[in-house]
Amino acid sequence: MKQRVCFVNAPYDGPIAGIWNDVFPPLTILSLAAYVRRERPAIDVSIIDGLRIGPSKAMVEALASPARIFAVTYVSFNASTAYRFINSLKKARPEVIVIAGGTHVTSLENDAFEKSAVDWAAHGEAEETLVELLDLLDGGGDPAKILGLLYREDGRVARTPNRPLMEDINTLPFPARDMVNLRDYSGIYVAHHKHNQHILSGRGCVNNCWFCARTVWKRQKPWQRLRRPDNIVAELREMRDRYGVREYFDMGDEFNSSEKWATETATAIADANLGLDWQTFSRSTPVTDEMAAAMKASGCWLVHLGIESGNQATLNGIGKNITLEQARQAAAIYQRHGIKVVGLFMLFNAWEQDGQFMYEGVKESEQTLAFARSMLKEKLVDSITCSPAMPYPGGLLFDAAMRHSIIPKEKFDDWGIWDHAWNSVMTLPGITMAGKWRVKLKGIWIQSWSLIFSRHLNFSHAIWGRGLGMFKMVFGSMVDGFLKITGKKPSRHFGRYLASFED
240 MKQRVCFVNA PYDGPIAGIW NDVFPPLTIL SLAAYVRRER PAIDVSIIDG
290 LRIGPSKAMV EALASPARIF AVTYVSFNAS TAYRFINSLK KARPEVIVIA
340 GGTHVTSLEN DAFEKSAVDW AAHGEAEETL VELLDLLDGG GDPAKILGLL
390 YREDGRVART PNRPLMEDIN TLPFPARDMV NLRDYSGIYV AHHKHNQHIL
440 SGRGCVNNCW FCARTVWKRQ KPWQRLRRPD NIVAELREMR DRYGVREYFD
490 MGDEFNSSEK WATETATAIA DANLGLDWQT FSRSTPVTDE MAAAMKASGC
540 WLVHLGIESG NQATLNGIGK NITLEQARQA AAIYQRHGIK VVGLFMLFNA
590 WEQDGQFMYE GVKESEQTLA FARSMLKEKL VDSITCSPAM PYPGGLLFDA
640 AMRHSIIPKE KFDDWGIWDH AWNSVMTLPG ITMAGKWRVK LKGIWIQSWS
690 LIFSRHLNFS HAIWGRGLGM FKMVFGSMVD GFLKITGKKP SRHFGRYLAS
740 FED
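For the sequence shown, the residue numbers in our numbering are 240 to 742.
Okay, here's the thing in structure tokens:
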């Protein structure tokens, strides 16, 4: 019998469902699908992007699929929806085999087995583990010999040792973008062109910040593996020539962790004369004139600069390894070369120091907003974003928050509220809901107006593609907030959102 595998990007039905679900295609499952197609061409591979089409349509497609094996990937914020999807699928089609994967699986290895009917799961990088598991499911074998595997055995969850990370990620095939319609994805609205796409120029990060979910990449050195410039150029050329892409977002954690590599990569892109606009994430150091000039020449028009806090003590505590002055200098260099800057900030940062749980209060978070305003006023950044610090499973902050009982038990009942853009699942001593809301609303106000006046917002894209949904979310949250304060019952989704701010 022909082996058929359906890759599923798990759906999400949380508080902001429908706002960001169709921005970019699911690169994780497209990459896995490409790897399986190359290594086992006899296997029939299909895709369901549940995040884009929603739980109901995803289930309809899964029930109609001829696949017997479903590989479901998810992160923390859509884990609960993934479990409901898996349970419904197994109930309707008990003969199918479900394999789980993603950063949430690696961070909390037993969670899927305790809350869903999943059969197998991959922890760590999944490409090689998945192919070996598919071979086992097709021809038999001993699962204990497959590295990076989780499975049920004698009423418990069996775990095999970690699989070493791939030494050369340049050997991986490009994501199977042919398996989805790229026009179904709007792209990010801070862009020059609609239907912009994204790439990953590397895996991992050289730093060890407290707020980052580091589980997969921090298992062994090196913590970051970067692709060769020519390999990146080849993927970009394919995106342009085969799919008509005109703009992309390099969503590797940090484009400039190596100034030498960043300059060489930007130079290679410029020399290829691809004519693509692009944007990326950047640290505050190292940033040099030579690097910025090369980035500009290659089509880079926007960097998202990770600053995180306006308090130096916080930056030291969370392991950011930058200074406020370095952030200002980096922004100035980018601006000097005609590259716009989005300042990325977090509110209520937290960390552990000498066994004590440390965190920013209302005062410190307002100081961060004041620092952001000063950078806007001095035209060092063109716009800013801010969101509460989130203790993602697998990160240092999550581990510390668990040790100090900072996360209420009920927060684990619904992973849907673990979305960093709007929620804060930590209960920080001495900080009231009113205090959190005051800081949050200030941040939303500064963020919104800075984006509007930055002139790098694609208004037609934002208004027609996101405007109604964003308006409903923001207006609805304000109304439900008022109802919450007055003791009336809020709506289901925003009740979940507001509950994340309770003390």
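The C-beta atom is built at its ideal place from N, Cα and C for all residues, glycine as well.
Note that the structure is predicted; figures quoted are calculated from it, not measured.
| Query | Result |
| --- | --- |
| Simplified DSSP state of K616, which is helix, strand or coil | helix |
| Alpha-carbon to alpha-carbon, D621 and F520 | 15 Å |
| Paired residues, beta bridge with W590 - DSSP | M597 |
| Which of helix, strand or coil DSSP assigns to D252 | coil |
| Short Cβ contact (8 Å threshold) for R391 with G634 | no |
| R391, enclosing beta strand (DSSP E) - first and last residue | L388 to E392 |
| Sub-8 Å separation of V580 and L619 beta-carbons | yes |
| CB-CB length for Y487 against H437, believed under 8 Å | 6 Å |
| Backbone CA spacing between M490 and L439 [nearest angstrom] | 5 Å |
| Counted within 10 angstroms of its Cβ, other Cβ atoms place I211 as buried (16 or more) or exposed | The question about residue 211 has no answer here: the residues shown for the chain are numbered 240 through 742. |
| Whether D377 touches Q565 by CB criterion (8 Å) | no |
| Cβ pair C448, I557 closer than 8 Å | yes |
| Between the CA atoms of I268 and V284 - distance to the nearest angstrom | 11 Å |
| Reference M534; option with closest CA among T399, I578, A569 and G545 | I578 |
| D423 - DSSP class collapsed to helix/strand/coil | helix |
| Through-space distance from A339 to V275, alpha-carbon basis | 16 Å |
| Cβ contact (3+ pairs, closer than 8 Å) linking the region 632-651 and the region 458-477 | no |
| C-beta atoms of I670 and V664 nearer than 8 Å | no |
| Rounded straight-line distance, which links the Cα of M629 to that of L636 | 8 Å |
| The alpha helix (DSSP H) enclosing E371, as first and last residue numbers | E366 to G378 |
| Reference K499; option with closest CA among F610, Y424 and D528 | D528 |
| Beta-carbon proximity check, E322 vs K354, cutoff 8 Å | Reading off the sequence shown, one finds Tyr at residue 322, where the question assumed Glu. Yes, these two residues count as a Cβ contact at 8 Å. |
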